[in-house]
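Notes for the one structure printed next.
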Amino acid sequence: MSAITGTRIDEVLQHAVESGAMPNVVATAATAEGPIYEGAFGPRAVGKPEPVTVDTLHRIASMTKMVTTVAALQLVEREQLDLDDPVAKYRPEFANLQVLEGWEGDEPRLRAPKTHATVRQLVTHTSGLGYWFWNADLVRWEAKTGTGNALAGTEDAFTAPLVADPGTRVEYGINTDWLGLVVEAVSGQALDAYFDEHILGPLGMEQATFHPTDQQRENLAAVHLHDEQTGAWNATSVDWNTAPDWWAGGHGLYCPPSEYLRFQRMLLGNGTLDGAKILESKTVEDAFSNQIGALDWPAAIATAEPPTTADFNAGPGYKFGLGLLRNSEDIPGMRRAGSGAWAGIFNTHFWVDRTTGITGAVYTQTLPFVEPDVFQVYVDFETALYASLR
388 MSAITGTRID
398 EVLQHAVESG
408 AMPNVVATAA
418 TAEGPIYEGA
428 FGPRAVGKPE
438 PVTVDTLHRI
448 ASMTKMVTTV
458 AALQLVEREQ
468 LDLDDPVAKY
478 RPEFANLQVL
488 EGWEGDEPRL
498 RAPKTHATVR
508 QLVTHTSGLG
518 YWFWNADLVR
528 WEAKTGTGNA
538 LAGTEDAFTA
548 PLVADPGTRV
558 EYGINTDWLG
568 LVVEAVSGQA
578 LDAYFDEHIL
588 GPLGMEQATF
598 HPTDQQRENL
608 AAVHLHDEQT
618 GAWNATSVDW
628 NTAPDWWAGG
638 HGLYCPPSEY
648 LRFQRMLLGN
658 GTLDGAKILE
668 SKTVEDAFSN
678 QIGALDWPAA
688 IATAEPPTTA
698 DFNAGPGYKF
708 GLGLLRNSED
718 IPGMRRAGSG
728 AWAGIFNTHF
738 WVDRTTGITG
748 AVYTQTLPFV
758 EPDVFQVYVD
768 FETALYASLR
């Protein structure tokens, strides 16, 4: 398939910036053979002249999770890791975690989990671990204990309790940060070194990193927040901890859209890109398959911290594969059933549709996550992309 002209897609993205829905936007699409669309509109930081491009560095946040998942799956293929082993086999400190059942006055009510969480449950967000921004009990627990959340980059994030017994429900949380610790324990490498040697290097993702240089930071898009008075976008200095206690497998990568597209194309190509074999095709098939049985991804999740995220309303029929949210039905005019997708908290989003052979992504750098006007741009871009391919 050759590159598309993208006139309607350009209009969608340009309107997103001109209307104020986003301060800037980058979008990409590809087949396994190569890119078919690249577009970028708006400045890297509002009020400054430098434009975003497909090579602008972005905080991809939770899109890091699929890279960490691929690392773990490589170790499974090498028979160094078993997804059905208890997490505590590889990270004994996991056995110290208890379940936060609720509160008695101002005191948390904790108990031992009924079963041991497995590595597979980390990968599928069924271990019982949560994130504060979608769980009010964790917001309260962090305030009570003074513990840093995962974004703070401090090691005490790993003392956060479970909020459900393993295997009983899907609860999005710091699972993949724990998975990164498992990868380090099994491989004997720090996560950044493992990524570079086994995933980023072989895929030619030369700018993707946990720790950008000063020169790379000059090409980094700013995180934008709404002005409290006018609602307009303001560029900020919001960023990760630049000297974290651990490399965050759940969110820590910076990456240009053009390079993450290579990672997407690897998944679309059954684990191989340009002769670099990252995963076996059977492993990729598993990653796109329902791994949570009768459990479902929640159709609606209420925010517990509105400045960080809006309510997330995925709707019914979503399952989790290995690191990927999987739609069980075709989405009219958009991706087909069995596609895998995920997003990042600063409003970056990707999907891989193996049925039609298309992968795409949309990037900006704003909070809150899935704000309705921002989320609509995801929908409009994907709809315009598929319409252009008819």
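Using the numbering used here, the first residue of the sequence shown is number 388, and each one after it goes up by one. Idealized CB from N, CA, C, for every residue including glycine.
Whole-angstrom C-beta distance between residue j and residue i, which should lie under 8 Å
i: G429; j: V404; result: 4 Å
i: A547; j: L648; result: The Cβ separation is near 33 Å, so there is no contact.
i: H503; j: P553; result: 7 Å
i: A691; j: N522; result: 6 Å
i: L590; j: A701; result: Contact doesn't hold; Cβ gap of about 29 Å is too wide.
i: N628; j: A539; result: 6 Å
i: V510; j: P644; result: 25 Å between Cβ atoms; not a contact.
i: R498; j: Q485; result: 6 Å
Beta-carbon gap between residue i and residue j smaller than 8 Å
i: I391; j: T735; result: no
i: V557; j: L525; result: no
i: L655; j: A419; result: yes
i: V506; j: D472; result: yes
i: V474; j: V569; result: yes
i: G727; j: F675; result: yes
i: W634; j: A595; result: no
i: D397; j: G426; result: yes
i: I679; j: T513; result: yes
i: L460; j: L711; result: no
i: F582; j: V454; result: yes
i: A414; j: F733; result: no
i: A408; j: V764; result: yes
i: D579; j: H598; result: yes
Candidates the options, of which the one nearest residue i by Cα
i: G492; options: R527, K476, Y559, P473; result: R527
i: S668; options: M653, P719, I679; result: M653
i: L640; options: Q508, T742, E425, L444; result: L444
i: G515; options: L487, A539, P495; result: L487
i: V433; options: S574, W633, A608; result: A608
i: P410; options: E464, F481, T629, A619; result: A619
i: Y518; options: A537, P500, A530; result: A537
i: N714; options: R741, T456, D698; result: R741
i: M721; options: G731, Q508, L772, E672; result: L772
i: V412; options: D760, V739, E605, H598; result: D760
i: T600; options: A630, H613, V766, V625; result: A630
i: T751; options: T394, R395, Q401; result: Q401
i: V625; options: T770, T753, T659, S775; result: T753
i: G535; options: D632, R395, W738, L776; result: D632
i: I665; options: R604, G407, S406, R465; result: R465
i: G636; options: P438, E480, F545; result: F545
i: I718; options: D698, T743, A730, N483; result: T743
i: N483; options: F699, P500, D698, D469; result: P500
i: T782; options: G588, P685, T541; result: The shown model of the chain, from 388 to 777, leaves out residue 782, and the question about it has no answer.
i: G588; options: R777, N606, E494, D661; result: D661
i: P438; options: G731, N606, F481; result: N606
Close-in-space but distant-in-sequence residues of the same chain around residue i (CB under 7 Å, 5 per side omitted)
i: E716; result: G704, A724
i: F520; result: T690, A691, E692, T695, T696
i: A417; result: I423, L648, Q651, R652, T746
i: S775; result: I391, G393, R395, I396
i: D673; result: L709
i: S406; result: none
Sequence-distant residues of its chain with Cβ nearer than 6 Å to residue i (five each side left out)
i: N778; result: In the structure as shown, the chain starts at 388 and stops at 777, and residue 778 therefore has no counterpart that could be examined.
i: S389; result: Residue placement at S389 is poorly supported in this model, since its pLDDT is 44, which falls under 50; the coordinates are not used for a value here.
i: A622; result: A432, V433, A609, H611
i: H638; result: A448, S449, T451
i: R395; result: A771
Residues near residue i in its chain [Cβ-Cβ closer than 8 Å; skip 5 each side]
i: M592; result: I586, C642, E646, Y647, R649, F650
i: P693; result: P755
i: R496; result: L487, E488, G489, W490
i: G533; result: none
i: Q467; result: V573, S574
i: R478; result: W565, L568, V569, A572
Sheet register partners of residue i (DSSP bridge)
i: W490; result: P495
i: H747; result: Strictly speaking, residue 747 in this sequence is Gly, with His absent from that position. Paired residues: A416, W738.
i: W620; result: H613
i: I688; result: F699
i: N411; result: None; N411 has no bridge partner.
i: G560; result: Paired residues: none, contrary to the question.
i: L516; result: L549
i: H445; result: C642
i: G426; result: A414
i: W729; result: F737
i: F756; result: T696
i: Y705; result: N714
i: L660; result: A663
Any non-hydrogen atom of the ligand SAM closer than 7 Å to residue i Cβ
i: G710; result: As for the ligand SAM, it is missing from this structure, which has no ligand bound.
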